[in-house]
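Residue 1 is where the sequence shown starts when you use full-length UniProt numbering, and the numbers rise one by one after that.
Built from N, CA and C at the ideal position, the CB exists for glycine as well.
A short worksheet on the structure shown next.
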Amino acid sequence: MAEDARGEKKDAYAAAPASKLPAKQRGGFRSMPFILANDFCDRLASVGFTTNLISYLTLQLHLPLVEASNIITNYNGTANLTPLIGGLIADSFAGRFWTITFGSIIYQLGMVCLTLSAALPSLHPPSCAKHAADCQRASSYQISVLYLSLLCTSIGTGGTRPCTMAFGADQLELNAHRHRGAKPKWSFFNLYFFAVELAKLAAVTAVVYIQDNVGWSWGIGVPTVAMVAAVIAFVSGYSLYIRMPPGGSPLVRLAQVATAAYKKRKAVVPDPSLLYEDKELDAGISTTGRLLHTDQLKCLDKAAIVTDGDVLPSGQPKLWRLSTVHRIEELKSIIRMLPICAAGIILVTSASHNHSFAIQQARTMDRDITPHFKIPPASMLIFTNFAHGRGTDDRHAVQRGGRGRRAETQVRCRCEWAARRSQGHPADERLLAGAAVRHPWHRQRLHGRRPHGVPVRPGTREHAELSDGALLADLLDRELPRHAAGDHRARQDEANRAMAPGQP
């Protein structure tokens with residue numbers, strides 16, 4: 001439950017830093033083009049860079065698949081950890097605008113390093129023939145440049161990811177209070193996610209195609225240029241933004257509640273009406289009103305019991321000894337969500353390598369659409385978006401989440417089954433069974449765009465899909481030496497019989 005506290009929010013907005021423009025000309029949808037353009041370019045850069053990273057590590061740097069997959073997993077883990085630190089910095093002292101700005105600049109430095117790594121011959125090993133077994137692996141120096149790039153991008157992600165959406169909501173908060181009944185935030189969220197999905201679509205199709213068919217220097221250079229455009233677009237709207245002052249980190253507030261409750265663990269909880277409340281103190285952190293007291297997790301209510309030494313002479317509470325009901329209810333709400341969050345931990349852990357696994361499996365597929373166009377392996381991931389549905393047949397979001405968890409578990413089991421079945425048969429292994437090779441003087445034309453009916457292994461339904469040249473080379477290597485040796489032995493036998501004594 002929530003109590004209307006819109007009156008208390010006016011002071012928080014009045015405390016926002018002043019701009020050259022009047023307050024009526026700042027914020028609102030007039031600042032949205034800059035924020036949405038920044039978000040579009042930022043997602044285009046990040047998704048275009050990370051989607052096909054497994055191909056860059058294995059094909060460009062010639063790293064083993066297991067090592068490349070571990071690098072990506074470690075990078076994703078770091079990139080998901082840094083937003084906690086970035087959010088703490090933004091809420092504590094830096095503010096969202098400057099956190100996004102500096103985070104974008106650091107991300108840009110990482111993209112520049114990665115582009116140089118792909119463009120300069122000294123920063124990546126020389127290219128080698130396809131399916132070659134003796135490709136030169138990237139040196140320690142080249143791997144160090146890669147690690148530096150990934151570190152900068154993960155740190156930059158910590159500055160942009162936790163603040164962009166909240167910063168956009170700040171621009172509409174004041175407008176929502178001026179016009180009660182209007183819901184501009186919903187329109188912003190719709191536009192925000194539309195820009196995000198549109199950027200993902202462009203990254204998984206156009207950027208990935210450039211990486212696979214034009215070159216990695218261009219394929220990574222395009223996301224780098226997009227990130228430059230994101231920084232310029234965001235900074236250009238500086239005078240139009242409402243820059244809210246830092247209101248304190250939610251993580252610190254939760255720690256204060258837990259500490260205060262522990263210090264008073266032996267106290268007796270009084271009547272709920274006697275618990276400490278401070279509307280002015282909570283006005284800066286409650287967006288839609290103050291949370292009211294609930295009867296669950298009453299052990300945390302002890303943090304709101306007023307005792308001697310909990311209040312300063314000025315009347316301000318010592319937040320590590322005394323918390324308001326609103327802050328206690330914030331912690332209760334998070335604790336209630338823990339079972340839902342915990343249900344996805346194992347699935348997320350098992351899915352850490354699914355992205356790389358899907359791309360590697362896509363490389364073994366026949367992806368030809370036309371004789372001159374082939375779908376890039378990383379672009380196959382776009383079909384997962386087509387399976388997204390609103391799920392309006394269930395009454396509650398928890399039911400839809402449970403159904404999604406069940407379907408995800410089934411998919412994980414199928415992936416495990418497919419992985420076990422393909423063990424021992426690498427995707428690049430195209431050796432033909434000797435008993436099934438066509439005769440080298442067979443006159444039938446072979447088409448390189450479809451299976452030839454030649455099984456890869458006897459007893460299976462898998463077929464070789466080699467071009468005419470590749471198949472002919474394989475036939476020459478396998479059959480001609482044997483037939484030549486047989487003809488030579490036959491001629492040698494005839495000569496020996498002719499030279500034998502007693503023969504006419």
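Distance from the CA of tyrosine 241 to the CA of serine 104, rounded to the nearest whole angstrom, comes to 17 angstroms. Distance from the Cα of glutamine 256 is smallest, within the candidate group Tyr238, Ala229, Lys298, Ala303, for Ala303.
Contact between the stretch 31 to 51 and the stretch 202 to 215 is present: three or more C-beta pairs spanning the two stretches fall below 8 angstroms. For threonine 370, the uninterrupted beta strand (DSSP E) run begins and ends at 368 to 370, by DSSP.
By the Cβ rule, the stretch 152 to 164 counts as touching the stretch 97 to 115, because three or more pairs are nearer than 8 angstroms. Three or more Cβ pairs closer than 8 angstroms define a contact, and the stretch 91 to 107 meets that threshold against the stretch 159 to 172.
With fewer than 16 other Cβ atoms from the protein chains shown falling within 10 Å of its own Cβ, phenylalanine 193 counts as exposed. Taking C-beta separations shorter than 6 angstroms and ignoring five residues to either side along the sequence, the partners of arginine 327 in its chain run Arg253, Val257, following chain order.
For leucine 297, no pairing in a beta bridge is given by DSSP. Its chain contains Phe34 as the residues whose beta carbon lies nearer than 7 angstroms to that of serine 236, once the 5 sequence neighbours on both sides are disregarded; these appear in chain order. Straight-line spacing of the CA atoms in glycine 110 and methionine 244 works out to 29 angstroms. Here the stretch 62 to 69 lies against the stretch 352 to 362, with 3 or more beta-carbon pairs under 8 angstroms apart. Phenylalanine 188 is not a Cβ neighbour of asparagine 38, given a cutoff of 8 angstroms.
Alanine 119 and glycine 219 have their C-alpha atoms some 10 angstroms from each other.
Note on tyrosine 141: under 16 other CB atoms within 10 angstroms of its CB, so exposed under the neighbour-count rule.
Counting along the chain, the unbroken alpha helix (DSSP H) around asparagine 70 starts and ends at 65 to 89. Here DSSP, grouped into helix, strand and coil, assigns lysine 266 to coil. DSSP lists no beta-bridge partner residue for phenylalanine 29. Per DSSP, the continuous alpha helix (DSSP H) segment holding valine 231 begins and ends at 216 to 236. The beta-carbon distance between tyrosine 276 and leucine 322, rounded to whole angstroms, is 6 angstroms. This is short enough to meet the 8 angstroms contact definition. Take the alpha-carbon of aspartate 134 and the one of isoleucine 369: they are about 32 angstroms apart.
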